[in-house]
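Student:
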Amino acid sequence: MAKGRVADRSPTEMLHSTPAGDRAVRTQGSAAPGSKDHLNEKPCAEAGSARTSLLILVSIFSCAAFVMFLVYKNFPQLSEEERVNMKVPRDMDDAKALGKVLSKYKDTFYVQVLVAYFATYIFLQTFAIPGSIFLSILSGFLYPFPLALFLVCLCSGLGASFCYMLSYLVGRPVVYKYLTEKAVKWSQQVERHREHLINYIIFLRITPFLPNWFINITSPVINVPLKVFFIGTFLGVAPPSFVAIKAGTTLHQLTTAGEAVSWSSVFILMVLALLSILPAIFQKQLKQKFE
Numbered sequence: 001m002a003k004g005r006v007a008d009r010s011p012t013e014m015l016h017s018t019p020a021g022d023r024a025v026r027t028q029g030s031a032a033p034g035s036k037d038h039l040n041e042k043p044c045a046e047a048g049s050a051r052t053s054l055l056i057l058v059s060i061f062s063c064a065a066f067v068m069f070l071v072y073k074n075f076p077q078l079s080e081e082e083r084v085n086m087k088v089p090r091d092m093d094d095a096k097a098l099g100k101v102l103s104k105y106k107d108t109f110y111v112q113v114l115v116a117y118f119a120t121y122i123f124l125q126t127f128a129i130p131g132s133i134f135l136s137i138l139s140g141f142l143y144p145f146p147l148a149l150f151l152v153c154l155c156s157g158l159g160a161s162f163c164y165m166l167s168y169l170v171g172r173p174v175v176y177k178y179l180t181e182k183a184v185k186w187s188q189q190v191e192r193h194r195e196h197l198i199n200y201i202i203f204l205r206i207t208p209f210l211p212n213w214f215i216n217i218t219s220p221v222i223n224v225p226l227k228v229f230f231i232g233t234f235l236g237v238a239p240p241s242f243v244a245i246k247a248g249t250t251l252h253q254l255t256t257a258g259e260a261v262s263w264s265s266v267f268i269l270m271v272l273a274l275l276s277i278l279p280a281i282f283q284k285q286l287k288q289k290f291e
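Heads up: the sequence shown begins at 1 in UniProt numbering, then just goes up one per residue.
1. Does any C-beta atom of chain D lie closer than 8 Å to the C-beta of F75?
2. Which value, in whole angstroms, describes the spacing of the CA atoms of L142 and V271?
3. How many angstroms separate the CA atom of P240 from the CA atom of C63?
4. Suppose the cutoff is 8 Å on Cβ atoms and the five residues either side in sequence are ignored; what does the same chain contact list for C153 look like?
5. Whole-angstrom Cβ separation of G131 and L138, contact assumed at under 8 Å?
6. Which two residues bound the contiguous alpha helix (DSSP H) that contains E81?
7. When burial is assigned at 16 or more other CB atoms within 10 Å of the CB, is F69 buried or exposed?
8. How is the alpha helix (DSSP H) around G99 delimited, first residue to last?
9. Report the option in A183, R194, G171 and I217 whose CA atom is closest to the CA atom of S53.
10. Take the Cβ of A65 as the centre, count every other Cβ of all protein chains shown within 10 Å, and call the residue buried at 16 or more, exposed below.
11. Beta carbon of I206, beta carbon of A273: below 8 Å?
12. Among residues of its own chain, excluding the 5 on either side of S156, which ones have a beta-carbon nearer than 8 Å to its beta-carbon?
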């Protein structure tokens, strides 16, 4: 009987459900599922915890920023000009300047440069800060292709997973208040692809249909398992990263990040996206045939 009740819940109910909330519904009753009052019921309850969530988020960010400070504190002694260029790149000129500094110290201080790159990439991904695309391009300039690809995929997977856990801890009020409609729509898609969720996550990471930050912060709210989320992200970011890393081998010839993408690379990405979702399509067709 319990399983039947869970299966009958709408995506909106699953989006707004928590163990405490479920107990409250059972004991106190609730508005009719799908009604406007029902949609607003949980967001109103969560709004009271928004301030606490913000304080926790600021605390976590401060701790992460302090770790980043320690990482760069242990970096080799830099000249004044080099210190100016040691920043998160915002355009290709910044990326070129940063790449020049890192390549100078990479051989002598290999571990320090690698740790700084690793920590910065994960920091940006965890807090959804723009700039990781330039770090992906830089990896192709600094490291051999196999290492660069593994490094970018690992950083993306870990950073996105940390963002997932951060959202699980403090992000629910934000999703409930600002992203309810979009999250409900994606929740419906997730439920439709629940049996082959890894393929679906890979497809989303390759294609631009949903922003990465949106996938990261809404996945825990709509009950995407962390293991599936990490594996799908690790594998799904590989094709786009392949393009960025390949472009990084000719870093000094680039003037914008858009030049890293060509029509041939877009075509290859679309083919890979289709291949990632084909097993799910075949499985669904076979299931319908035998039924």
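Virtual Cβ for every residue (Gly too), placed ideally from N, Cα, C.
Tutor: On the basis of the coordinates in this document:
1. Given the protein chain composition of this structure (a single chain), no chain D is represented.
2. For the purposes of this step, residue 142 is taken as the residue at position 142 of the sequence shown. For the purposes of this step, residue 271 is taken as the residue at position 271 of the sequence shown. Going by the C-alpha atoms only, they are around 29 Å apart.
3. For this step, residue 240 is matched to residue 240 along the sequence shown. For this step, residue 63 is matched to residue 63 along the sequence shown. Each residue's Cα considered, the two are about 31 Å apart.
4. Within the sequence shown, residue 153 is the residue found at index 153, counting from 1. Once the five neighbours on either side are set aside, the close Cβ partners of C153 are F234, L235, V237, A238 and S241.
5. For this step, residue 131 is matched to residue 131 along the sequence shown. For this step, residue 138 is matched to residue 138 along the sequence shown. 10 Å between Cβ atoms; not a contact.
6. Locating residue 81 in the sequence shown gives position 81, counting from the first residue. Segment E80 to N85, the alpha helix (DSSP H) holding E81.
7. Sequence index remark: in the sequence shown, residue 69 carries index 69 (1-based). With fewer than 16 other Cβ atoms within 10 Å, it is exposed.
8. On the sequence shown, position 99 is the one that residue 99 refers to. Note, G99: alpha helix (DSSP H), M92 to K106.
9. In the sequence shown, counting from the first residue as 1, residue 53 sits at position 53. Among A183, R194, G171 and I217, the Cα nearest to that of S53 belongs to G171.
10. Counted from its first residue, the sequence shown places residue 65 at position 65. Residue burial is scored here from C-beta neighbours: A65 has fewer than 16 other C-beta atoms within 10 angstroms and is therefore classed as exposed.
11. Reading the sequence shown from its first residue, position 206 is the one you call residue 206. Reading the sequence shown from its first residue, position 273 is the one you call residue 273. In this structure, A273 lies closer than 8 Å to I206 by Cβ.
12. Counting from one through the sequence shown, the residue named residue 156 turns up at place 156. Y121, Q125, S132, T233, F234, V237 and S241, listed in sequence order.
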